[in-house]
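Enquirer: Line order of the protein sequences matches chains A and B. Number 245 marks the last residue of the first sequence (the numbering used here); no jumps. Number 245 marks the last residue of the second sequence (the numbering used here); no jumps. Have a look at this one.
There are 2 protein chains.
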Amino acid sequence: MTTAKNNTSGSAKTLKGLQSEVESTKRIALSVDCVIFGFDENKLKVLLIRSDLKKYHDTFSLLGDLVKPEEDLDASAYRILKQRTGLNDLYLEQVHTFGEVGRHPAGRVVTVAYCSLINVQHHKLKSLDNELHWHEIDSLKELLFDRKKIFDHCYLWLQKRVQEHPLGFSLLPNKFSLRELQNLYEAILDKKLDRRNFRKKFFSMDFLIDMGEEEQNVPHRPGKLYKFDYEKYEMKKKKWQGIDF
Amino acid sequence: MTTAKNNTSGSAKTLKGLQSEVESTKRIALSVDCVIFGFDENKLKVLLIRSDLKKYHDTFSLLGDLVKPEEDLDASAYRILKQRTGLNDLYLEQVHTFGEVGRHPAGRVVTVAYCSLINVQHHKLKSLDNELHWHEIDSLKELLFDRKKIFDHCYLWLQKRVQEHPLGFSLLPNKFSLRELQNLYEAILDKKLDRRNFRKKFFSMDFLIDMGEEEQNVPHRPGKLYKFDYEKYEMKKKKWQGIDF
DNA sequence: CGATAATGTGTTTAATTTACACATCTAATA
DNA sequence: TATTAGATGTGTAAATTAAACACATTATCG
Numbered sequence: 001m002t003t004a005k006n007n008t009s010g011s012a013k014t015l016k017g018l019q020s021e022v023e024s025t026k027r028i029a030l031s032v033d034c035v036i037f038g039f040d041e042n043k044l045k046v047l048l049i050r051s052d053l054k055k056y057h058d059t060f061s062l063l064g065d066l067v068k069p070e071e072d073l074d075a076s077a078y079r080i081l082k083q084r085t086g087l088n089d090l091y092l093e094q095v096h097t098f099g100e101v102g103r104h105p106a107g108r109v110v111t112v113a114y115c116s117l118i119n120v121q122h123h124k125l126k127s128l129d130n131e132l133h134w135h136e137i138d139s140l141k142e143l144l145f146d147r148k149k150i151f152d153h154c155y156l157w158l159q160k161r162v163q164e165h166p167l168g169f170s171l172l173p174n175k176f177s178l179r180e181l182q183n184l185y186e187a188i189l190d191k192k193l194d195r196r197n198f199r200k201k202f203f204s205m206d207f208l209i210d211m212g213e214e215e216q217n218v219p220h221r222p223g224k225l226y227k228f229d230y231e232k233y234e235m236k237k238k239k240w241q242g243i244d245f
Numbered sequence: 001m002t003t004a005k006n007n008t009s010g011s012a013k014t015l016k017g018l019q020s021e022v023e024s025t026k027r028i029a030l031s032v033d034c035v036i037f038g039f040d041e042n043k044l045k046v047l048l049i050r051s052d053l054k055k056y057h058d059t060f061s062l063l064g065d066l067v068k069p070e071e072d073l074d075a076s077a078y079r080i081l082k083q084r085t086g087l088n089d090l091y092l093e094q095v096h097t098f099g100e101v102g103r104h105p106a107g108r109v110v111t112v113a114y115c116s117l118i119n120v121q122h123h124k125l126k127s128l129d130n131e132l133h134w135h136e137i138d139s140l141k142e143l144l145f146d147r148k149k150i151f152d153h154c155y156l157w158l159q160k161r162v163q164e165h166p167l168g169f170s171l172l173p174n175k176f177s178l179r180e181l182q183n184l185y186e187a188i189l190d191k192k193l194d195r196r197n198f199r200k201k202f203f204s205m206d207f208l209i210d211m212g213e214e215e216q217n218v219p220h221r222p223g224k225l226y227k228f229d230y231e232k233y234e235m236k237k238k239k240w241q242g243i244d245f
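As structure tokens, this is what we get:
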């Protein structure tokens, strides 16, 4: 019998046996970290919290918690969001799991990173002191332990994802102008886009509903307001295709 | 003090305190499942193993194991691969983590799914009995517990990923003809492609090295053999861009 | 040596992306 | 109320990319 013969350890075992094996190997703590993006003052921001470890009180971290034994992984991420923001219909998606041995000084912790996109206006933070704040992503230097690495991974994920999936609208008010939408994309992608081509692109997708309203209180000609038509999108969304490295 | 004040549980704690918290919440077992794709006889295949649970002995499953406490998550996936295939320079990438409460009857198990692409010719399986075998993905009906869901997720991942990243070559011999490459893409994407446009596309990418050799033992005019130029690709690979839903 | 079956190649057309300029509208100001 | 400032709103030409499509070439097999 070769080593290739093990599946979850030996061969031909009972469910009961596996149960005790599972029991005995619960040596790894599982946590969730949420990278929560917001968009305010034409800047992309991320929600950070001051570490509640005394030793690292000058360092910021992502919002996270250990996963509860009786809690779905996704539910765990939702719970963390809810505690912090007051929730609504948040966009939440799992991105990556970080599981290096030495990544957490308190022991073996494996962390599943989730990204959330929320509208800063609609979700006033429950606590507005130093503990919790929106941080511009440009000036993000250091985070607790490997959290910067997690953030970087999620930011790259966002840059890619926002180009092939309509996430971005979760960062905007329900009704938004095309200028706001373009500002958002420019902030996320960190580059200037041609205004005319940007409009053409979105209009040709045909997922924007003209609300027949205009911006209020802008010191210039107000732009039209639109909503994203999620229903239509779900019907007509394209399957990604085209080989291109 | 609001509920928003908890980070990893209370506030202002010590590393030592967190340590014991981590200790006490190790109630979740962590495992890795590998979805190992192969390509043989112009069919896309997946490596399956017969469940070693007596009760489920008629059901196949993915290759997996519990993550060891002192083992990096990625290393765990490599270990599983190595045990089964004899390894070499395998392509391995994390895809998604599955963490619903009821997904495993032996208790709370969270599973990180990895995808691997291997060349069936180069990696003769260590065990060739019923336990371990290549299964055509077309005729894949049912797998143990939620493994079919995991497989489906990984297959969709592969279909998308193979179009924007040069993974596919890991499924082919070092030297391959363009016909083999096209067969591979047709098998993965499950659709016919235009031969001339396919060639044009890959030649224009300019990542194929003409080996100056031809296929042997084919019952027709032999095609030229190529290698993929990974070095050149790393230098010149394009950043994915272009908004398109 | 002829038949077979796959390789290898190019052009035309359509679709998409990019670059680019000017009139229009509203608010603010004089 | 007229002027200005500053943003909105729109179209076209050029370039690039993708899609459709046919025939000569070459090795093998009988």
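Beta carbons: idealized from backbone N, C-alpha and C, even for Gly.
Flag B/L73 as yes if its beta-carbon sits less than 8 angstroms from any beta-carbon of chain A, otherwise no.
Expert: yes
Enquirer: Compare the C-beta of A/L15 with all C-beta atoms of chain B and state if any pair is closer than 8 angstroms.
Expert: yes
Enquirer: Determine the direct distance from the alpha carbon of A/L66 to that of B/V246, and round the result to whole angstroms.
Expert: Missing from the structure shown is residue 246 of chain B; chain B here goes from 1 to 245 and no further.
Enquirer: Using a beta-carbon distance below 8 angstroms, is B/K5 in contact with chain A?
Expert: Any answer about B/K5 is weak, because its pLDDT of 35 lies below 50 and its placement is not dependable; what the coordinates show is given next. Yes, B/K5 counts as interfacial toward chain A.
Enquirer: One question on the structure: do A/Y114 and A/V32 come within less than 8 angstroms of each other, judged by their Cβ atoms?
Expert: yes
Enquirer: Whose Cβ in chain B lies nearer than 8 angstroms to the Cβ of A/F245?
Expert: E164, H165, P166, M205, F207, Y233, K237 and K238
Enquirer: Can you pull the chain A neighbours of B/Q182, defined as C-beta to C-beta under 9 angstroms?
Expert: Within 9 angstroms Cβ-Cβ: nothing; B/Q182 doesn't reach chain A, min ~11 angstroms.
Enquirer: Who are the near neighbours of B/P69 in its chain, counting only those whose CB is closer than 8 angstroms to its CB and skipping five residues on each side?
Expert: Hits under 8 angstroms: none found.
Enquirer: Got a sec? Which residues, its chain only, sit under 7 angstroms from A/I49 by beta carbon, not counting five neighbours each side?
Expert: F60, S61, L63, E131 and L132
Enquirer: Against A/S70, what residues of chain B qualify as contacts under a CB-to-CB distance less than 7 angstroms, listed in chain order?
Expert: Reading off the sequence shown, one finds Glu at residue 70 of chain A, where the question assumed Ser. Here the neighbours are V101.
Enquirer: Compare the C-beta of B/H96 against all C-beta atoms of chain A and say whether one is closer than 8 angstroms.
Expert: Yes - at least one Cβ of chain A is within 8 angstroms of the one on B/H96.
Enquirer: So what's A/Q182 in DSSP terms, helix, strand or just coil?
Expert: helix
Enquirer: Could you spell out the range, first to last residue, of the alpha helix (DSSP H) harbouring A/H153?
Expert: R147 to E164 is the span of the alpha helix (DSSP H), which, as asked, contains A/H153.
Enquirer: Which chain A residues sit within Cβ distance under 7 angstroms of B/P105?
Expert: Within chain A, the residues near B/P105 are L15.
Enquirer: So, helix, strand or coil for B/A106, using DSSP?
Expert: coil
Enquirer: Between A/K55 and chain B, is there a C-beta pair that is closer than 8 angstroms?
Expert: yes
Enquirer: Return the Cβ separation of A/L178 and A/L172 in integer angstroms, given the expectation that the two are a contact with Cβ distance under 8 angstroms.
Expert: Contact flag wrong, Cβ pair sits at about 11 angstroms.
Enquirer: In chain order, what residues of the same chain lie with their CB nearer than 8 angstroms to the CB of A/W157, ignoring the 5 residues before and after it?
Expert: V95, H96 and C115
Enquirer: To the nearest angstrom, how far is the alpha carbon of A/F151 from that of A/E136?
Expert: 12 angstroms
Enquirer: For B/G223, which of helix, strand or coil comes out of DSSP?
Expert: Correct three-state label for B/G223: coil.
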